[in-house]
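Undergrad: In the numbering used here, each residue carries its 1-based index in the sequence shown increased by 1. Glycine included, each C-beta is placed from N, C-alpha and C at the ideal position. Everything numeric in this text was worked out from a predicted model, so none of it was measured. There's a structure below that I have some questions on.
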Amino acid sequence: MRNIAILGSSGSIGKNALWAASRFPEELGIFGLSVHSDIDALSEQIALFHPEIVCVADKIAAAELARTLNGSKPIILSGEHGLEELASHPQIDIVINSVVGFAGLKSTLAAAGTGKRIALANKESMVAGGRLVKDIAESHNAEIIPVDSEHSAIFQCLKSGRTNDIRRLILTSSGGPFRNYPVEKFREITVDLALKHPTWSMGRKITIDSATLMNKGLEIIEAVYLFDFPEDRIDVVIHPQSVVHSMVEYIDGSVIAQLSRPDMRLPIEYALFYPERRGLDIADLDFNMKFSLDFEPPDNHKFPSLNLARQAVRVGNTAPAIFNAANEIAVDAFLNGFIDFPGIFSIVDDVLSSAEIIQADCIESIIEADIKSRESARTIVGRFEK
Ligand code: MG
2 MRNIAILGSS GSIGKNALWA ASRFPEELGI FGLSVHSDID ALSEQIALFH
52 PEIVCVADKI AAAELARTLN GSKPIILSGE HGLEELASHP QIDIVINSVV
102 GFAGLKSTLA AAGTGKRIAL ANKESMVAGG RLVKDIAESH NAEIIPVDSE
152 HSAIFQCLKS GRTNDIRRLI LTSSGGPFRN YPVEKFREIT VDLALKHPTW
202 SMGRKITIDS ATLMNKGLEI IEAVYLFDFP EDRIDVVIHP QSVVHSMVEY
252 IDGSVIAQLS RPDMRLPIEY ALFYPERRGL DIADLDFNMK FSLDFEPPDN
302 HKFPSLNLAR QAVRVGNTAP AIFNAANEIA VDAFLNGFID FPGIFSIVDD
352 VLSSAEIIQA DCIESIIEAD IKSRESARTI VGRFEK
């Protein structure tokens, strides 16, 4: 029996993770859950899954939950430290980190520093603190198994050859809802339109990131640190059906791909049970039906995101953290109607090109870079005229 904690249990990945874990009550115990502030969702999950410990990041919401539970189980932690305490709890074996954004970094580090398996859905912790996370994980024998569908695919494809024989990693991207949308009309894109993703159903932040292709940019950086692989040998290909989740090309020209219907429950269960696999009651790919798979190169003129991400990871150190923080502020500003859609690109570009890059060898310098980047992104948002 292994105990798990799901950080971000009210989100789309968190709910899927609960569903996946609850199918195996003999093998997995749901020990800890955390939410940012959605205590209604958490209360329902407490009633259903009886965790020992929960954490509510928002302290006011945590106090509210404590009032309603009135001293009965579970133990309630709160705030950033509460989340770290949960992620490093000695009775937890696997931490599923599906916190949204930079806020997930400290819990990834806490889990890594206590030698746990981390089922990592919080790509931002790998982007902002990749090198540090890997170093700490290695020195404490913590395993990082990606839950991001592309990185899960690459992780699986890497089983078919030696590291020295890899030519390149190929990340697939659905292309988002604006793949065929004229760039001249990008300024007219509304929040509602941007929130409609063609193939995946996800939270708001990642859905906007998918529409701008910033998500793919973040995923290039995530792959660099996760697989310790150079940026110039990580390619992106647009694949609108989201059936091929990513590929690895070996030096003999052989390309290994992982395919399935787009369903996050598969990479979640893979990360929980690796190296074993479990049967999932999701629909198989049906080869008795005619279907086709399309591939095309990304349009880097329309979507500057990939090149911005490449620029950040080539500079390295705190540049990826700066890239990520500027994007988080820009996405938030777009969702709140302060900037237009192309404003996201220009804010990230401006912040990245003017920021001071420092060494990213400790959490303090990464946090400092994150804060400064947010400040300068907010300043630019304030000047924005739609
Ligand atoms: Mg992904």
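Quick one: is N66 buried, meaning 16 or more other Cβ sit within 10 Å of its Cβ, or exposed?
TA: Reading off the sequence, residue 66 comes out as Leu, not Asn. Answer is buried; the Cβ neighbour count reaches 16.
Undergrad: Could you check if V256 is buried or exposed, using at least 16 other CB atoms within 10 Å of its CB as the buried criterion?
TA: exposed
Undergrad: Is E27 buried or exposed, if buried means 16 or more other CB atoms sit within 10 Å of its CB?
TA: Counting Cβ neighbours within 10 Å, E27 comes out exposed, since fewer than 16 surround it.
Undergrad: Does the distance from the CB of I40 to the CB of A62 come in under 8 Å?
TA: In terms of Cβ geometry, I40 and A62 form a close pair [threshold 8 Å].
Undergrad: Can you tell me where the alpha helix (DSSP H) holding A111 begins and where it ends?
TA: 106-113
Undergrad: Taking the continuous alpha helix (DSSP H) assigned at M248, which residues delimit it?
TA: M248 -> not in any alpha helix (DSSP H); beta strand (DSSP E) instead, spanning 245-251.
Undergrad: Pick helix, strand or coil for P298, following the three-state DSSP scheme.
TA: coil
Undergrad: Could you tell me whether the Cβ atoms of F32 and N325 are closer together than 8 Å?
TA: no
Undergrad: For G176 and L307, I'd like the C-alpha separation in whole angstroms.
TA: 12 Å
Undergrad: Ignoring anything shorter than 3 residues or poking outside the stretch 43-129, list the beta strand (DSSP E) runs there in chain order.
TA: 54-57, 76-79, 95-98, 118-121
Undergrad: Just verifying my parser: in three-state terms, what is the DSSP assignment at G30?
TA: strand
Undergrad: In this structure, does DSSP put A279 in helix, strand or coil?
TA: First, the residue type needs correcting, since residue 279 is Arg and not Ala in the sequence shown. In the structure shown, the three-state DSSP call for R279 is coil.
Undergrad: Measuring from each Cβ to the nearest heavy atom of the ligand MG, keep the ones under 6 Å and list them in chain order.
TA: D149, S150, E151, E220
Undergrad: For G383, count the other beta carbons within 10 Å of its own beta carbon; 16 or more makes it buried, fewer makes it exposed. Which is it?
TA: exposed
Undergrad: Report yes if the CB atom of P343 is closer than 8 Å to the CB atom of F187, and no otherwise.
TA: yes
Undergrad: How long is the line joining the alpha carbons of E125 and L8, rounded to whole angstroms?
TA: 14 Å
Undergrad: Report all residues from its chain with a CB closer than 7 Å to the CB of E151; omit the five preceding and five following residues, and keep chain order.
TA: L172, T173, E220, H246, S247
Undergrad: Sorted by chain position, which residues of the same chain lie with C-beta nearer than 6 Å to G116's C-beta, five sequence neighbours on each side aside?
TA: H141, N142, A143
Undergrad: Below 8 Å on the Cβ atoms is my contact criterion, and I expect A129 with L106 to pass it. Report the Cβ-Cβ distance as a whole number of Å.
TA: 6 Å
Undergrad: Opposite Q259 in the DSSP bridges: which residues?
TA: S247
Undergrad: Report the residue from A224, L281, V100 whose alpha carbon sits nearest the alpha carbon of S35.
TA: V100
Undergrad: Would you call the CB atoms of L286 and E270 closer than 8 Å?
TA: no
Undergrad: According to DSSP, is R24 helix, strand or coil?
TA: coil
Undergrad: Based on the DSSP output, what are the partners of N4 in its beta bridges?
TA: G30
Undergrad: Determine the direct distance from the alpha carbon of F304 to that of A320, and round the result to whole angstroms.
TA: A320 and F304: Cα-Cα distance of roughly 20 Å.
Undergrad: Quick one: is D210 buried, meaning 16 or more other Cβ sit within 10 Å of its Cβ, or exposed?
TA: Burial state of D210 is buried, judged by a 10 Å Cβ sphere holding 16 or more other Cβ atoms.
Undergrad: According to DSSP, S35 sits in a beta bridge with which residue or residues?
TA: Partner(s): L8, C56.
Undergrad: Counting C-beta neighbours from all protein chains within 10 Å, is the total for T1 16 or more, i.e. buried, or is it exposed?
TA: As displayed, the chain neither begins before 2 nor continues past 387, which places residue 1 out of reach and without an answer.
Undergrad: Inspect the CB distances between the stretch 341-358 and the stretch 179-196 and report whether three or more fall short of 8 Å.
TA: yes
Undergrad: Using 10 angstroms around the beta-carbon of R311, count the other beta-carbons present and answer buried if the total reaches 16, otherwise exposed.
TA: buried
Undergrad: On the three-state DSSP scale, how would you describe D236?
TA: Residue state, collapsed to three classes: strand.
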